[in-house]
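Trainee: Sequence lines, in order, name chains F and P.
According to the working numbering, the first sequence is numbered sequentially starting from 3.
According to the working numbering, the second sequence is numbered sequentially starting from 3.
Protein chains: 2
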Amino acid sequence: MDLSDRKKKILRAVVENYINTAEPVGSKTIAKETDMGLSSATIRNEMAELTRLGILEQPHTSAGRVPSPLGYRIYVNELMREYRLSVEEAQEINNALRQRIAQLDEIISEVGNVLSELTNYPAYALSKPAHKQTIVRFDFIYVDANTVIVVAMLDNNTVKSKLMYFPTGIDEPLLKKLSNVFNSTFTGLTEDEIDSALISAAERGANDPNGIVSAIAGFAINILSEITPAKAYLSGTSHILDHPEYRDVDKAKELLSYLSNDEELLKLPEPAREDGMRIIIGPENLAEQLRESSVIVASYDLGNEMHGLLGVVGPTRMDYAKIAARLEYITKGLKRIFSGGNKHPPHIEEPSK
Amino acid sequence: MDLSDRKKKILRAVVENYINTAEPVGSKTIAKETDMGLSSATIRNEMAELTRLGILEQPHTSAGRVPSPLGYRIYVNELMREYRLSVEEAQEINNALRQRIAQLDEIISEVGNVLSELTNYPAYALSKPAHKQTIVRFDFIYVDANTVIVVAMLDNNTVKSKLMYFPTGIDEPLLKKLSNVFNSTFTGLTEDEIDSALISAAERGANDPNGIVSAIAGFAINILSEITPAKAYLSGTSHILDHPEYRDVDKAKELLSYLSNDEELLKLPEPAREDGMRIIIGPENLAEQLRESSVIVASYDLGNEMHGLLGVVGPTRMDYAKIAARLEYITKGLKRIFSGGNKHPPHIEEPSK
DNA sequence: TTTAGCACTCTCTTCTCTAGAGTGCTAAAC
DNA sequence: GTTTAGCACTCTAGAGAAGAGAGTGCTAAA
Chain F
3 MDLSDRKKKI
13 LRAVVENYIN
23 TAEPVGSKTI
33 AKETDMGLSS
43 ATIRNEMAEL
53 TRLGILEQPH
63 TSAGRVPSPL
73 GYRIYVNELM
83 REYRLSVEEA
93 QEINNALRQR
103 IAQLDEIISE
113 VGNVLSELTN
123 YPAYALSKPA
133 HKQTIVRFDF
143 IYVDANTVIV
153 VAMLDNNTVK
163 SKLMYFPTGI
173 DEPLLKKLSN
183 VFNSTFTGLT
193 EDEIDSALIS
203 AAERGANDPN
213 GIVSAIAGFA
223 INILSEITPA
233 KAYLSGTSHI
243 LDHPEYRDVD
253 KAKELLSYLS
263 NDEELLKLPE
273 PAREDGMRII
283 IGPENLAEQL
293 RESSVIVASY
303 DLGNEMHGLL
313 GVVGPTRMDY
323 AKIAARLEYI
333 TKGLKRIFSG
343 GNKHPPHIEE
353 PSK
Chain P
3 MDLSDRKKKI
13 LRAVVENYIN
23 TAEPVGSKTI
33 AKETDMGLSS
43 ATIRNEMAEL
53 TRLGILEQPH
63 TSAGRVPSPL
73 GYRIYVNELM
83 REYRLSVEEA
93 QEINNALRQR
103 IAQLDEIISE
113 VGNVLSELTN
123 YPAYALSKPA
133 HKQTIVRFDF
143 IYVDANTVIV
153 VAMLDNNTVK
163 SKLMYFPTGI
173 DEPLLKKLSN
183 VFNSTFTGLT
193 EDEIDSALIS
203 AAERGANDPN
213 GIVSAIAGFA
223 INILSEITPA
233 KAYLSGTSHI
243 LDHPEYRDVD
253 KAKELLSYLS
263 NDEELLKLPE
273 PAREDGMRII
283 IGPENLAEQL
293 RESSVIVASY
303 DLGNEMHGLL
313 GVVGPTRMDY
323 AKIAARLEYI
333 TKGLKRIFSG
343 GNKHPPHIEE
353 PSK
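(1) Give every residue of the same chain whose Cβ lies closer than 7 Å to the Cβ of residue 70 (chain F), excluding the five residues on either side of it in the sequence, and list them in chain order.
(2) Tell me which same chain residues have a C-beta within less than 6 Å of the C-beta of residue 256 (chain P), skipping the five on either side of it?
(3) With 9 Å set as the bound, which would you pick, yes or no: does the beta-carbon of residue 196 (chain P) sit closer than that to a beta-carbon of chain F?
(4) Roughly how many angstroms separate the alpha carbons of residue 76 (chain F) and residue 237 (chain P), rounded to a whole number?
(5) Excluding the five sequence neighbours on either side, which residues of its own chain have a C-beta within less than 6 Å of the C-beta of residue 267 (chain P), listed in chain order?
(6) Closer than 9 Å between beta carbons: that is the criterion. Which residues of the stretch 239–251 of chain F meet it against chain P?
(7) For a minimum of 3 consecutive residues, which ranges assigned as the beta strand (DSSP E) are wholly contained in the stretch 57–129 of chain F?
(8) How would you list, in chain order, the residues of chain F whose beta-carbon sits under 8 Å from the beta-carbon of residue 159 (chain P)?
(9) Per DSSP, which one or two residues make a beta bridge with residue 141 (chain F)?
(10) So which residues of chain P does residue 258 (chain F) contact, with C-beta pairs closer than 8 Å?
(11) In the DSSP assignment, find the unbroken alpha helix (DSSP H) run with residue 134 (chain F) in it and report its ends.
(12) If you count every other CB in all the chains shown that lies within 10 Å of the CB of residue 17 (chain F), and 16 or more means buried, which is it?
(13) Can you tell me whether residue 61 (chain F) is buried or exposed, with buried defined as 16 or more other CB within 10 angstroms of its CB?
(14) Return the residues of the stretch 125–158 of chain F that lie within a Cβ-Cβ distance of less than 8 Å from chain P, sorted by chain order.
(15) Any contact between the stretch 280–295 of chain F and the stretch 270–288 of chain P? By contact I mean 3 or more CB pairs, one from each, below 8 Å.
(16) Restricting to Cα atoms, I'd like to know which of P:287, P:223, P:244 is closest to residue 296 (chain P).
(17) Taking the straight line between their C-alpha atoms, what separation do you get for residue 95 (chain P) and residue 122 (chain P)?
(18) List the residues of chain P that residue 262 (chain F) touches, going by C-beta distances under 9 Å, in chain order.
(19) If you measure from the beta carbon of residue 234 (chain P) to each beta carbon in chain F, is any gap under 9 Å?
(20) Check each candidate in F:327, F:254, F:116 and name the one with the smallest Cα separation from residue 294 (chain F).
(21) By the 10 Å Cβ neighbour count, where 16 or more other Cβ atoms means buried, how is residue 246 (chain F) classified, buried or exposed?
(22) Using the beta-carbon count (16 or more within 10 Å), is residue 48 (chain P) buried or exposed?
(23) Which residues bound the beta strand (DSSP E) around residue 301 (chain P)?
(24) Leaving out the 5 sequence neighbours to the left and right, which residues in its chain are closer than 8 Å to residue 27 (chain F) when beta-carbon positions are compared?
(25) Which word fits residue 162 (chain F), buried or exposed, when buried means at least 16 other C-beta atoms lie within 10 angstroms of its C-beta?
(26) Below 8 Å on the Cβ atoms is my contact criterion, and I expect residue 337 (chain F) with residue 232 (chain F) to pass it. Report the Cβ-Cβ distance as a whole number of Å.
(27) For residue 178 (chain P), which residues in chain F fall below 9 Å Cβ to Cβ?
(28) Pair every Cβ in the stretch 157–171 of chain F with every Cβ in the stretch 218–228 of chain F, then say whether three or more of these pairs are closer than 8 Å.
(29) Quick check on residue 254 (chain F) - is its C-beta less than 9 Å from some C-beta in chain P?
(30) Quick one: which unbroken alpha helix (DSSP H) runs of 4-plus residues sit fully inside the stretch 158–236 of chain F? Chain order, please.
(31) Looking at C-alpha atoms only, which residue of F:204, F:144, F:183 is the closest neighbour of residue 166 (chain F)?
(32) DSSP state of residue 282 (chain F), grouped into three classes?
(33) Got a sec? Which residues, its chain only, sit under 6 Å from residue 36 (chain F) by beta carbon, not counting five neighbours each side?
(34) Measuring CA to CA, which of F:278, F:93, F:174, F:277 is closest to residue 148 (chain F)?
(35) Counting only C-beta atoms, is residue 9 (chain F) closer than 9 Å to chain P at any point?
(36) Along the beta strand (DSSP E) that carries residue 311 (chain P), what are the first and last residues, could you check?
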């Protein structure tokens, strides 16, 4: 799309004005609030042209103009000023992250909360399934004649354990045998590779008619399948109702129900590049319920197999520049905290678009 | 409150009609839809009386009547018919529970989802902190010269483990010593009882200048403090917008924000008796934001230190009888599944109020 | 190429009016 | 004494009308 510089300036003015006011923007407003030294009539002509090109839209004949999805697209791709976080904003994000990151368990949902609070839009956080993991070693701790603690260490250095009860009884020699069998047969295998053939072979190898091997193998499979399953966390849904677009309760309800569905969230698109960000505007969304909303999504990566997506949902008239800047600051900050090893959020840096 | 039988009948009719229609109820409607053989005029007189007693209310002079909070209270305490779950409804609950209960981890939040879906109101689930737990045994598994797996078994038979890295190095004899120190000093203690005096004493006992003891003790404290912390899960918030009471976006927003705050949820009242149910009507709520809503709450108990509250939030005009019946069926069902050991939901039973 | 002027269009708000529902009171009927 | 019919009265919700305001597109002049 090749527009004259003047058209671009006008488009930008329309988009930014509309983002702030949520009201259709008239030619007079543009003339007054930008310093192009042009009268409203000239701007009117340009806006008429932009409307013909499908970049602006008119809600009705005598209303001001509103950006079309195409208009937003052009704005986002070419015109959006890089939003520079102020020192205060960056500080605020730093504090929010620092305070919330206590237990790693819930970090992702917490980051979603932070994101939502900082943007005033609903936010979601997805954790992606890690690459197929394997168990690298098994240990067995004897507790009493019927009880054993099974400890499994994974290839990412996490450890899982479980108390298991065997009515048929066990003793130290049996444990030793089990340890040998499991460490030789079941290590280095992904979930899929542990199948019933393998289990019954191991049962024969350990001379175990009592199902002990298969119970432990079941535990192993459980661990491998439960580790970082794709999960969705949604935060700040009530922010939806802050925005005039959703004053219509039915629309709000539609979006809210949609977002509350984890499976739908997991289907949302991802950024093309690992470190990129993606903005999906209105009708570019595949889901019917998002056709009037926009999504900004970035991926995060905490190392150690923890990675996923972090997104913000809002009306098409959302402050793309600001939200994108904050989102990027957060994802970068997370990465720094977790891979760098130092426990402090990053210092202020220049965000890119 | 001593009312004539006729007044009670009329009150019940008003409440139930209002619950269904969300419109103020007129004397004519009552006359028509109940078989008391009375004319609207008579009923009008009775309703005027009930209004004088503060049991009914008039939105404005010439509108029908609406129950006051006191009216709901009387209805709930004395007039509410026991709602009998139909076979289909019970079946539906059974299925919902059965399908969802896979990993115990998320069972409580899942039950919240089920509850919300079955009632069409937002529902919350709280897990209460368990009684102070203690570690009953420690085990140490040698991995390599710098790495140990620490395994701790709690008094409720759950097992926690962690891979720990010690740059100063460790060997088998040291592990043995550690095992002795921890199993003699730190077992049977609650989180509070493990204090720094104890830790430094143990450090001296183990002759450990490298902070290994204190690192492991930190892990122990972590476990004890993290186990079933009070948690809140909220489901089905979008159902709020189904009800005409919350068509006003500002009201919906107020309630939604309130419910989204975990700390507030944790402060909500509990049933007086362990197996009881509690209904809090409108202004009986302490929180300002709930003054126009009602809460029905019951406690659940899955044995094994897992217990907490399950609640439903809706407009004061909510179908108390139906919701209470479903809530009770669910809590009883949970108990049966988990304590009875059989993995199937209960059969249909008569719910009590 | 830009601007001023002007008629035109459409929405939003305000006001008025009416239909309808429901009430409370009075007097008659049971 | 209780119940009912009748009726005037009150209040709301909704429909229609009117006017203000904002913004447009077109034309003609600068």
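All C-beta atoms, glycine included, are put in the ideal place defined by N, C-alpha and C.
Mentor: By the coordinates alone:
(1) 56, 57, 58, 59
(2) 291
(3) no
(4) 38 Å
(5) 126, 234
(6) 239, 240, 241, 242, 243, 244, 248, 249, 250, 251
(7) 125–129
(8) 165
(9) F:153
(10) 239, 240, 243
(11) Counting along the chain, residue 134 (chain F) falls outside any alpha helix (DSSP H), and DSSP gives it neither H nor E.
(12) buried
(13) exposed
(14) 139, 141, 143, 145, 151, 153, 155
(15) no
(16) P:287
(17) 13 Å
(18) 237, 238, 239, 240
(19) no
(20) F:254
(21) exposed
(22) buried
(23) 295–303
(24) 15, 16, 19, 20, 66, 67, 68
(25) buried
(26) Not a contact, Cβ separation roughly 20 Å.
(27) Those within 9 Å of residue 178 (chain P) in chain F number zero; the least Cβ separation is about 14 Å.
(28) yes
(29) yes
(30) 174–187, 198–208, 214–228
(31) F:144
(32) strand
(33) 15
(34) F:174
(35) no
(36) 309–317
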